[in-house]
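For reference, the structure is listed below as structure tokens.
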Amino acid sequence: MKHEEWKKISRIMSKRSLWMVHFCTGCGAMEMPPVMTSRYDMERFGIFAMATPRQADVFLVTGYLAVKTLKRVVQVYEQMRDPKYVIGFGSCTINGGMYWDSYNTIKDLSKYIPVDVYIAGCMPRPEAIIDSFLKLMDMIDKGEAIGWQKYRKYYDQYKRNQKMAFEYRLDEVKPIKEDDKNES
Amino acid sequence: MLTEVLVSLLAGVFLVLALNKYPRVAGVVAFIISLLPFMAVLAWAGTMGITVPSYLKFFTLETSLTYNLGPGVIHLAITPLGWFFLMLLASVFPLTVMFANSFVKRNAGGFYAAMLLTMFGSFGLLLSQDILSFFIFWEIMSWSIFALVLRGHDRRAIVSYLAFGSLSAMLILFGFMMLYYKTNTFLFADMHLTATPLTLAALSLLVAGFAVKGALMPMHAWAPHAYSRSEEPFVAFLSGGLSKLGFFGIILFMYGVVGMSVISSWGTFRGVPWFGYALAVIGAFTAFAGTVLAVMQDDLRKLLAYSSIGQLGYIAIGIGIGTPLAMTGALFQALNHTFFKAVLFLAAGAVFYRTGKWKISELGGLGYKMPFTFLAALFAIFALAAIPITSGFAAKWLLYEAAIQKKFLFVTPIMLIAGVGAFLYAFKILYGVFLGEPRYDVKEAPLSQLIPMWLLVLPLVIFLVIPGWFVDITAPILRGYGMQPIQHTLFSINTGLATYNTLAVIFGMLGGLLVAFILYKWKKQEVVPHIDNYLAGEPPELYEHIGMHASSKYFEPFDEVFGPIFKKGAERGWEIVLSAAEILGTGARKIYTGIVGDYSIYVLLFFIILVGWWLLW
Amino acid sequence: MVMEIVDILEKILILAGMVTLGFAIGMLFNGIARKVSARIQNRVGPPVYQGFIDVFKLFGKKTNISHGWIFDLAALFSVSGIALAFLFLPVAGYSMLSTDGDLFLILYLLAIPALGFALGAGASGNPNAAVGVMRALMSMLAYELPLVMVMVAMMVYYNTTSLANIVAAQANMQWAFFIPIFFIGALVADMALQGMLMEKPFDIPIAPHEIATGPMVEFGGKHLGALMLYKMMGTVVETTLFVDLFLGGGVVLSVAQYGWLAYLVNFAVWFVLILIVFLIAVMIDNVLPRFRIEQALKFYWKYDALIAIFILIWIFAGVKI
Ligand code: SF4
């Protein structure tokens, strides 16, 4: 079998079996139980909550992140194995949400770790969460969910931003500068 | 030539004593002399029906010898049973001496002298053919062990060994006196015993006396202390080699001197003599209790000591059941225990040599630092847990089969559950000492410690692959007691209940490993440092000084369940005996009032009783 | 000579095929269990082939971490050990290597993957893993006592220790399950099976909510894939052991009489039987909470073992020597 076809099969496999580690920091975590249990049942898509980052493929950051929490998020993210995907959950991970002027929460998660899919809303409904998973699956299938490759490529930029954040110099954090072409 | 061997062993004792100033030289000399018994084993191999290539035969030895020492005659001869146990002792002994070369620093000459004297005693003991020489050599062996226990400077160990050693000597002596009273001869061969109560009493006393050395419960109370407070090379020899002498004695007197027919005539239960049944039950209890106690220990040496007690219990079960299957199993277990326990004690010694720690909760992570020690210990632990990739399994399997064959419905589950218990303490050793967080930055053990360990692992592999050889080796022993050796080919054993084919297991395992290896090599991997670990997202820097080793109180729920039942049970029993003896003693002491008048009354009373008795008779 | 080599090759091929079948059934069972749990919880649940997807995904992970060569032993020993244990079982009356070993061997072969797994878990240096292994060993000690008691009773009753012979003795539908005393024995052993399969209330060793899946905490990617294979095959091995002991290995037609048709039917019956045994465990799993480890020990040693002792006494009284 050709290399391309193998890749395709492995993509289908990883798409249908997303094991997630959910990082319950913010209020958004409240919406996870209904998603997991009978009402919305995400296991029918092969999504399953795992206990440790070593076993997981998807990282669900559910809500606002204080600088202190960011340290843990980075640690967990680096312990996950490639290919790994991140879902930013709620407005807080997008632009700070209602913590937009807080002195010690980070505003844009994608400046510290690459985020594949964002879910807007404060807090997002289970339907939105399921929808984001489906979107992620679609992206994996097309080979667009390449956050983990970006993290490798722009490692120094991410590290610099993280360092700035850990030292509470949040205003010095810059957006990640990307090259034009991203290979999948 | 036999005289020369014995004399040179004795001469070696004085030689190494004289070389006390130069410990290294003394070690080398002791090692060279310690090879003599092994050469003797090879020289005698031919008479046991085992062909040994001629370049391994260093000298020829006569098979029997008598010394006329005026009042008594010492009869020495090699018997299949003696040869088998001599083989075990003689193969462990030089290796422990070799290990001692780098391990024993203090008063090394004395250490080697006592070791050689122990071996001299055991050598004579295994050859002796009469109760007189048997007892003399037994005492030489026992007292030189005492000299070695003394070097541990632990009061409890010394006192308990002294007490139990003397108890054992007394029991054996009483047993011998009864035997002599009954038969009027010293020679084993001339004793034609009949099934009388006196024989039963003598045999019971002898078995109780030998059980002390074999550390059967409740005579084991000395072993945990003596095993855990002496130097490791000696303990390896004590646990691996010398403890088997107790079982040698039991087999010799039960099946050799008294004989199966006499034992059976005291009554049998479901085809097993009551006497043997009792021994098997004691063995099963020892196996279980020893295992449970081993799980609770934190001191590595204590753990190994209790595990020794537990594993030796299996031998007693086999001897007790007394069928060919069970005897082969018991001898096989003796062989396995000799080697794996020696490896484990030596590995513990090597760990101590590098880290200076005995407590399991203080050790950890040595597997990557001392990989060869770890692998040897791992293999020994597999043998101990009877995992079928070592020869340890075949022995236990034979014992289980023997028990099922004789329909031991209650002993077998106890044996099996003790076997499962062995996994528990085996993993405690593995995790506590070798796995987990690396706490010490140490080098691998020196070569003079690694070589003995790896040589001792060798038999465990050989008899894994070819258990048929073992059955062949023990066949003369069984034939000597009128039993038929069990059905076997080189690679498989058939017990009539089932077959065990080692080739199937080995090739199955190898094939499985191959497939697993391919699966596993399919994808590349990177090795991350230990500190990069899942700690619920906590950054590892925080844990650098806290430590992540969970070995302290490792089996706490187990301790909570079994602790109240087992802790100090046996010792408390002996303490009750002790206090009873003390009360009796102080009561008896009151007779000696120190007043002359009282004494004259005693004499008068004694006289009146004597005269009265004489008059009445 | 050539014929012999061909024979051996044929045997190896059959064995390899059987092991592959075993792994496949294990993966299927994983999916079925999840589907059934989902239905019990009024969910839709994943497709039944979810187990295959998970394993392939794990082996397809791009990067894998290891904590050194002792850590890797887990992957090697667990897969090879469980495959070996499977080979020594008679499956649907078809004996692969089971005439070369017996029940004791199987009991100890089952310890190879467990100890190998424990080695790897210990080498990861994670405290959760160590605690998980401790619990696994303790629960092994707990469930093994009633199990071996029932097994010993059966061995004495059938006067053989070989599982192949026990299965043969139950031919013509004379299953031990239909003998009253062994019906009780089957219930006792089924409780032990619950612990063996690590289903609730005895899923103490992996308890994801307490100790983060215990021994598996540091395993990811291909290592976890190997462990999943071990666990999935483990369900097949353990249920087959139960079926062999009490349900005659699923043999309904004798091979001598019906030829290949008998194989076909027997394999189908065997599959249905292990599925039923497994589903019973899954259903119990779904309705019970988790024991603490000392509660599990007390449960097995007090109640389960007590019934087992009754069985032993019964056999003891009945047996003639
Ligand atoms: S987005 Fe809203 S719900 Fe989510 S963490 Fe922020 S504030 Fe809470």
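Protein chains in written order, with the numbering used here: chain A, -8 to 175; chain B, 27 to 643; chain C, 100 to 420. Don't be surprised by glycine CBs; every beta carbon is placed ideally from N, CA and C.
Do the CB positions of residue i and residue j come within less than 8 Å of each other?
i: residue 54 of chain A; j: residue 81 of chain A; result: yes
i: residue 525 of chain B; j: residue 199 of chain C; result: yes
i: residue 305 of chain C; j: residue 295 of chain C; result: no
i: residue 281 of chain B; j: residue 507 of chain B; result: yes
i: residue 410 of chain C; j: residue 252 of chain C; result: yes
i: residue 95 of chain A; j: residue 58 of chain A; result: yes
i: residue 486 of chain B; j: residue 405 of chain B; result: yes
i: residue 462 of chain B; j: residue 290 of chain B; result: no
i: residue 194 of chain B; j: residue 238 of chain B; result: yes
i: residue 352 of chain B; j: residue 425 of chain B; result: yes
i: residue 139 of chain A; j: residue 73 of chain A; result: yes
i: residue 135 of chain B; j: residue 52 of chain B; result: yes
i: residue 260 of chain C; j: residue 203 of chain C; result: yes
i: residue 305 of chain B; j: residue 233 of chain B; result: yes
i: residue 373 of chain C; j: residue 350 of chain C; result: no
i: residue 61 of chain A; j: residue 103 of chain A; result: yes
Tell me which residue opens and which closes the alpha helix (DSSP H) that residue i is part of.
i: residue 310 of chain C; result: 307 to 310
i: residue 191 of chain C; result: Looking at the DSSP string, residue 191 of chain C is not in any alpha helix (DSSP H), and its letter there is neither H nor E.
i: residue 442 of chain B; result: 437 to 455
i: residue 33 of chain B; result: 28 to 44
i: residue 401 of chain C; result: Where residue 401 of chain C is concerned, there is no enclosing alpha helix (DSSP H), given that its DSSP letter is neither H nor E.
By the DSSP assignment, the beta strand (DSSP E) with residue i in it spans what residues?
i: residue 13 of chain A; result: 10 to 14
i: residue 409 of chain C; result: Here residue 409 of chain C belongs to no beta strand (DSSP E); instead the alpha helix (DSSP H) covers 404 to 417.
i: residue 100 of chain A; result: That residue, residue 100 of chain A, is in no beta strand (DSSP E); it is neither H nor E in DSSP.
i: residue 526 of chain B; result: 525 to 527
i: residue 76 of chain A; result: 76 to 80
i: residue 520 of chain B; result: 518 to 520
i: residue 101 of chain B; result: 98 to 103
i: residue 90 of chain B; result: 90 to 95
i: residue 53 of chain A; result: 49 to 53
Mind checking if residue i is an interface residue toward chain A, Cβ cutoff 8 Å exclusive?
i: residue 560 of chain B; result: yes
i: residue 463 of chain B; result: no
i: residue 320 of chain C; result: yes
i: residue 162 of chain C; result: yes
i: residue 317 of chain C; result: yes
Within the present structure, is the beta-carbon of residue i separated from the nearest heavy atom of the ligand SF4 by less than 7 Å?
i: residue 19 of chain A; result: yes
i: residue 82 of chain A; result: yes
i: residue 88 of chain A; result: yes
i: residue 109 of chain A; result: no
i: residue 113 of chain A; result: yes
I'd like to know whether the C-beta of residue i is nearer than 8 Å to at least one C-beta of chain C.
i: residue 513 of chain B; result: no
i: residue 183 of chain A; result: Here chain A covers residues -8 to 175 and nothing more, so residue 183 of chain A does not appear.
i: residue 531 of chain B; result: yes
i: residue 16 of chain B; result: A query on residue 16 of chain B cannot be resolved here, the shown segment of chain B reaching from 27 to 643 and no further.
i: residue 554 of chain B; result: yes
i: residue 175 of chain A; result: Model confidence at residue 175 of chain A stands at a pLDDT of 45, short of 50, so the residue's coordinates are unreliable and nothing is read from them.
Establish whether the CB of residue i and some CB of chain B are separated by less than 8 Å.
i: residue 160 of chain A; result: no
i: residue 44 of chain A; result: yes
i: residue 2 of chain A; result: no
i: residue 139 of chain C; result: no
i: residue 392 of chain C; result: yes
i: residue 171 of chain C; result: yes
Is residue i near the ligand COA, in the sense that its beta carbon is under 7 Å from a heavy atom of that ligand?
i: residue 54 of chain A; result: The model depicted lacks the ligand COA and carries the ligand SF4 instead.
Those runs of the alpha helix (DSSP H) which lie wholly inside the region 340 to 383 of chain B and span at least 4 residues: As far as the region 340 to 383 of chain B is concerned, its whole alpha helix (DSSP H) runs of at least 4 residues are 350 to 381.
Whole alpha helix (DSSP H) elements within the region 108 to 156 of chain A, 4-residue minimum: Runs found: 117 to 133 and 138 to 144.
Runs of alpha helix (DSSP H) wholly within the region 582 to 633 of chain B (minimum 4 residues, chain order): List check, alpha helix (DSSP H) in window: 582 to 592 and 595 to 615.
Alpha helix (DSSP H) runs wholly inside the region 225 to 267 of chain B, at least 4 long, in chain order: Within the region 225 to 267 of chain B, the complete alpha helix (DSSP H) runs of at least 4 residues are 249 to 255 and 258 to 263.
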